[in-house]
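Below: the structure, in structure tokens.
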Amino acid sequence: MPHSDQAAVIALEGLGLTYPGPPPVTALHPCDLRIAPGEFVTIVGPSGSGKSSLLNVLGLLDRPTRGRYLLNGSDTATANDSRRSALRGQQIGFVFQSFHLLPHRSAQENVELAMVYGRTPRRVRRQKAAHVLARVGLSHRAHALPTRLSGGERQRVAIARALVAEPALLLCDEPTGNLDSETAAAILDLLDQLHREGMTILVITHDGQVAQRGQRVISIRDGVLTETTINTEAVASC
Numbered sequence: 001m002p003h004s005d006q007a008a009v010i011a012l013e014g015l016g017l018t019y020p021g022p023p024p025v026t027a028l029h030p031c032d033l034r035i036a037p038g039e040f041v042t043i044v045g046p047s048g049s050g051k052s053s054l055l056n057v058l059g060l061l062d063r064p065t066r067g068r069y070l071l072n073g074s075d076t077a078t079a080n081d082s083r084r085s086a087l088r089g090q091q092i093g094f095v096f097q098s099f100h101l102l103p104h105r106s107a108q109e110n111v112e113l114a115m116v117y118g119r120t121p122r123r124v125r126r127q128k129a130a131h132v133l134a135r136v137g138l139s140h141r142a143h144a145l146p147t148r149l150s151g152g153e154r155q156r157v158a159i160a161r162a163l164v165a166e167p168a169l170l171l172c173d174e175p176t177g178n179l180d181s182e183t184a185a186a187i188l189d190l191l192d193q194l195h196r197e198g199m200t201i202l203v204i205t206h207d208g209q210v211a212q213r214g215q216r217v218i219s220i221r222d223g224v225l226t227e228t229t230i231n232t233e234a235v236a237s238c
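Here the UniProt record's numbering is used: position 213 in the sequence shown is 213, and no number is missing along the way.
Structure (structure tokens):
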């Protein structure tokens with residue numbers, strides 16, 4: 001697999017993050033990472049390992065204090081805040097543990113709201129929302145409120161909302177953390193399906209069993225990334 005920046009959805013080069021003190025705290029030690037289009041990568045680590053710091057950097061919520069982060073070829077470290085916001089909205093779909101759905105809006109309306117800031121016409125919003133809800137198997141629940149949905153259904157709505165902008169990367173933070181084991185397995189099966197369809201997926205988790213669903217498994221501990229399973233030529237190192 002090629003290692004060029006243009007070929008990578010995520011390219012980290014000597015990236016590190018230190019929070020200012022006193023005393024300074026190193027959250028992420030300098031590391032290199034390549035994730036190619038269409039890969040399903042999981043990052044696993046215990047509480048306090050640096051997972052949240054890594055998620056915030058990858059999601060363009062925090063800036064690294066050293067190194068480079070290229071997202072689909074765009075250098076995010078040098079981009080101003082408005083450019084970073086645009087990249088975040090256009091290139092990354094977020095899926096969180098807690099769903100973050102508006103309770104008084106239907107499933108379809110929650111998905112449509114993800115397109116409002118992009119000034120997508122209402123008719124197009126409606127069509128695209130219906131399409132992605134069908135893609136995650138929820139057409140029959142499109143008009144239900146989140147309070148009438150099961151936890152698994154709510155997470156499917158959240159995944160549909162993340163997909164509707166056709167992002168380059170689906171970034172999932174503990175996507176099964178609030179679900180029972182059977183429902184969690186169904187959500188992971190959905191991620192597998194999206195991966196087979198060509199979606200690039202990165203799942204951050206504390207659960208080793210969830211981590212094993214990825215093509216590649218990267219562990220993080222004390223801010224150090226280590227690849228534990230390598231099925232491609234892409235590498236992660238610190």
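For each residue, glycine too, the CB sits at the ideal point set by N, CA and C.
Remember, predicted model here, so these are calculated numbers, not experimental data.
To the nearest angstrom, report how far apart L58 and C172 are at their CA atoms.
Distance between the alpha carbons of L58 and C172 is about 11 Å.
Could you check which residue in A162, R68, T18 has the C-alpha nearest to that of A11?
That would be R68, whose Cα lies nearest to the Cα of A11.
How big is the Cα-Cα spacing for A130 and C31?
When rounded, the distance between both Cα atoms is 40 Å.
Can you tell me whether T147 is buried or exposed? The criterion is at least 16 other CB atoms within 10 Å of its CB, across all chains shown.
Looking at its Cβ environment, which holds fewer than 16 other Cβ atoms inside 10 Å, T147 is exposed.
How long is the line joining the alpha carbons of D207 and A107, rounded to whole angstroms?
Each residue's Cα considered, the two are about 28 Å apart.
So, is L17 buried or exposed, given that buried needs 16 or more other C-beta atoms within 10 angstroms?
The residue in question, L17, is buried, as its Cβ has 16 or more Cβ neighbours within 10 Å.
Applying the 10 Å Cβ sphere with the 16-neighbour rule, what's the burial state of V124?
It is exposed - the Cβ of V124 has fewer than 16 other Cβ atoms within 10 Å.
Quick test of your reading: A162 and F94, contact by CB under 8 Å. State the CB separation rounded to the nearest angstrom.
Indeed, because the Cβ distance is near 6 Å, the residues count as touching under 8 Å.
Going along the chain, which unbroken runs of the beta strand (DSSP E) with 3 or more residues stay wholly within the region 116-178?
Segments of the beta strand (DSSP E) lying fully in the region 116-178: 169-173.
Our contact map puts I220 next to G45 with C-beta atoms below 8 Å; I'd like the distance itself, whole angstroms only.
So it is a contact: roughly 4 Å between Cβ atoms.
Helix, strand or coil, according to DSSP, for V217 in the structure here?
Three-state result, V217: strand.
Flag this pair as yes or no: are the beta carbons of L170 and L202 separated by less than 9 Å?
Yes, these two residues count as a Cβ contact at 9 Å.
According to the neighbour-count rule (16 or more other Cβ atoms, all chains shown, within 10 Å of its Cβ), is E174 buried or exposed?
Classification for E174: buried.
May I have the straight-line CA-CA distance separating P23 from S52, to the nearest angstrom?
Going from the Cα of P23 to the Cα of S52 covers about 20 Å.
With burial defined as no fewer than 16 other Cβ atoms inside 10 Å of the residue's Cβ, what is the status of A134: buried or exposed?
It counts as exposed.
Do V164 and V116 have their C-beta atoms within less than 9 Å of each other?
Cβ atoms of V164 and V116: not closer than 9 Å.
For residue 281, does the count of other Cβ atoms within 10 angstroms reach 16, so buried, or fall short, so exposed?
Nothing can be reported for residue 281: it is not among the residues displayed for the chain, which extend from 1 to 238.
Is the CB-CB distance between P37 and A168 below 9 Å?
Taking 9 Å as the Cβ cut-off, P37 and A168 qualify as a contacting pair.
Less than 7 Å between C-beta atoms, sequence neighbours within five positions excluded: which residues of the same chain meet that for G152?
Excluding positions up to five away in sequence, the list reads L179, T183, A186, I187.
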